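Everything on this sheet refers to the single structure shown next.
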Amino acid sequence: LRILAESETPPFAVERESGVKEDLRLKYRYLDLRRPDLQENLVKRHKIVKAAHDYFDRNGFLEIETPDLIKSTPEGARDYLVPSRVFPGRFFALPQSPQLYKQLLMLAGFDRYMQIARCFRDEDLRADRQPEFTQIDFEMSFVTQDDVMAVAEGFIREAYRALGTDVSIPLPRITWREAMRRFGSDKPDLRFGMELTDLSAALKGTGFRVFAGALAKGGSVRGINLKGKADSLGRKDLDRLGGWVRDYGAKGLAWTRLSSKGESSSYEKFLAPEQAKAVRAALGAQPGDVLFLVADADRRTVCTALGALRCELARRFGLIDPKKISLLWVTDFPLFEYSKEENRWVSMHHPFTMPRREDIDKLESDPGGVLSYAYDMVLNGNEIGGGSIRIHDRGLQQRIFRALGISPEQARVRFGFLTDAFRYGAPPHGGMAFGLDRLAMVMLGCDSIRDVIAFPKVASSAELMSDAPTDVDEKQLAELGIAALPKK
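Counting from -1, one number per residue, gives the positions in the sequence shown under our numbering.
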């Protein structure tokens, strides 16, 4: 017997998860990765990447790498900055996406580009987000929105086939406005019902201050019906759900519980009998149901809060079939959304998205009413990819910058290399990027994006195994011409 390597007793059993805390698993990630389920996840992730390479190559796309040390163009998430030793006091940024470079490749005459691109964003983390991530990125010249979407659908079918499953294409489409109105989300999960219902007509003329005030200010009252679960929700549960929707901007949650033990409601006593009856009828209420209502002067707040509650109730009561696949497109996004924090219009996607032709004349007079040629692919309630037709006209791009409150001087400093390139003729073009990590997470049915990444970060953006980020010595900082501030 020849011993090739000896091992100490590992800090946990590697054959199974066995309730080990995630922090400990990530500290010893090289041991954690011995687990069969994680190894299977990474094998399947590889198959998705291979499907991308094969599919795009077969369809005439060239894989071209774009730079990882680029100019900082802050507009959206924070950049990761890299100090330059050669140019003291100046910084590169790590790319949040290859957006500008792939547009320049279209201008250069490469009609079909793709890349498995590494991207970096300094933002707060969630279960489906990491500071560094991977995109399956592609761009095409002389195309329409339908052309780009058809290519993306072909890829997603190939990705599923690589994992032994088939999906039918073309995918169904829903506009952003319809998605928000019916599901309260721009990434709706269609694996279950419980759609939002507008109750404004049923409550017309109501004297109940909460509902009447919202309607008088141009807002709305909407509701959802949780079928057959009245006996499963007690008063404390309803109160907790009321607190839960406040996290999404709602001022409160009204409810009616049609329990077998008796009916109760937080609002019906304030309504005329015919109005209470009309609300029940509009929501299709039956014995055993629970009705939830949200009212607000801001219609989007109503939809967002109820949409989040819809998904929470579906998870809590097991209304989602995990074997079901719900793929769809969300289209016709607004070009801008108003930021109360910044007191200006900001891009809903990015500043290079083409407005719909019929809305271009409204850029200055009604920016909130301008729709775009932007589209997201949604899988089981998760945005797995998004793209748009791009602006290729210098004058139109400058108008967009003005609408965003970006002065000509700021635009020149940040994006001058792109607008200068437009002087020499740019083809109409568009594209899309799939978030590989999130795509793999949803396709494989994982709870966390960390389950499909070999060496992931935790919520604080730290990497526990190597203890990154770390302090560096003064000599390294001096070479870069920077100094570290004292720790608070």
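Glycine included, each C-beta is placed from N, C-alpha and C at the ideal position. Just so you know, these numbers come straight off a predicted model, no measurement behind them.
Put residue i into one of helix, strand or coil per three-state DSSP.
i	result
residue 47	helix
residue 113	strand
residue 144	helix
residue 35	helix
residue 433	strand
residue 289	strand
residue 192	coil
residue 138	strand
residue 127	coil
residue 271	helix
residue 397	helix
residue 8	coil
residue 224	strand
residue 99	helix
residue 365	helix
residue 521	Absent from the structure is residue 521, since the part of the chain shown begins at -1 and ends at 486.
residue 232	coil
residue 403	coil
residue 118	strand
residue 266	helix
residue 219	strand
residue 13	coil
residue 443	coil
Give me the Cβ distance between residue i and residue j, rounded to the nearest whole Å; I'm assuming they're in contact under 8 Å.
i	j	result
residue 156	residue 53	5 Å
residue 93	residue 68	5 Å
residue 64	residue 115	7 Å
residue 183	residue 305	4 Å
residue 328	residue 172	6 Å
residue 58	residue 110	5 Å
residue 487	residue 131	A question about residue 487 goes unanswered here, because the residues of the chain that appear run from -1 up to 486.
residue 45	residue 161	6 Å
residue 78	residue 120	5 Å
residue 363	residue 333	Actually they are not in contact, since the Cβ atoms of residue 363 and residue 333 sit about 14 Å apart, beyond 8 Å.
residue 180	residue 194	6 Å
residue 433	residue 386	About 15 Å; that fails the 8 Å criterion.
residue 366	residue 336	7 Å
Out of the options, which has the shortest C-alpha to C-alpha gap to residue i?
i	options	result
residue 395	414, 243, 442	414
residue 124	312, 458, 478, 356	458
residue 169	178, 163, 144	144
residue 9	456, 0, 20, -1	20
residue 217	130, 227, 196	196
residue 315	199, 335, 191, 355	191
residue 215	207, 222, 221	207
residue 418	290, 357, 391	391
residue 423	441, 364, 139	139
residue 223	271, 230, 308, 142	308
residue 259	89, 227, 36, 335	227
residue 430	384, 243, 485, 261	384
residue 301	177, 159, 372, 75	177
residue 324	420, 335, 380, 36	380
residue 262	241, 272, 248, 231	231
residue 40	219, 460, 441	441
residue 289	244, 240, 360	240
Return the first residue and the last residue of the alpha helix (DSSP H) that residue i is part of.
i	result
residue 408	406 to 420
residue 299	297 to 314
residue 209	207 to 214
residue 79	Premise fails: residue 79 lies in the beta strand (DSSP E), 79 to 81, not in any alpha helix (DSSP H).
residue 181	174 to 181
residue 340	First-last for residue 340: undefined, no H or E at that position.
residue 63	No alpha helix (DSSP H) contains residue 63, which DSSP labels as neither H nor E.
residue 381	Element bounds for residue 381: not the alpha helix (DSSP H) but the beta strand (DSSP E), 380 to 387.
residue 184	Note, residue 184: premise wrong, no alpha helix (DSSP H); not H, not E.
residue 203	That residue, residue 203, is in no alpha helix (DSSP H); it is neither H nor E in DSSP.
residue 20	20 to 25
Along the beta strand (DSSP E) that carries residue i, what are the first and last residues, could you check?
i	result
residue 372	372 to 377
residue 487	Any answer about residue 487 is impossible in this case: the structure gives the chain only from -1 up to 486.
residue 494	No statement about residue 494 is possible, as the shown extent of the chain runs from -1 to 486 and does not include it.
residue 107	Segment: none, residue 107 is in no beta strand (DSSP E) and carries neither H nor E.
residue 260	260 to 263
residue 470	Note, residue 470: premise wrong, no beta strand (DSSP E); not H, not E.
residue 325	325 to 329
For this session: Would you check if there are 3 or more beta carbon pairs closer than 8 Å linking the region 137 to 157 to the region 338 to 347?
Result: no
Problem set entry | Stretch-stretch touch, CB-based, cutoff 8 Å, three pairs: the region 243 to 257 with the region 272 to 286 | yes
Problem set entry | the region 348 to 362 / the region 313 to 327 touching (three or more Cβ pairs under 8 Å) | no
Exercise. How about the region 367 to 384 and the region 175 to 190: do they share at least three Cβ pairs that are nearer than 8 Å?
Worked result: yes
Exercise. Within the chosen definition, does the region 230 to 247 reach the region 202 to 221 through at least 3 CB pairs nearer than 8 Å?
Worked result: no
Exercise. Touching or not, the region 12 to 32 and the region 41 to 61, by the rule of three or more beta carbon pairs under 8 Å?
Worked result: no
Problem set entry | Stretch pair the region 87 to 106 + the region 125 to 143: three plus CB contacts closer than 8 Å | yes
For this session: Give a yes or no on contact between the region 446 to 465 and the region 407 to 422, applying the rule of three or more CB pairs nearer than 8 Å.
Result: no
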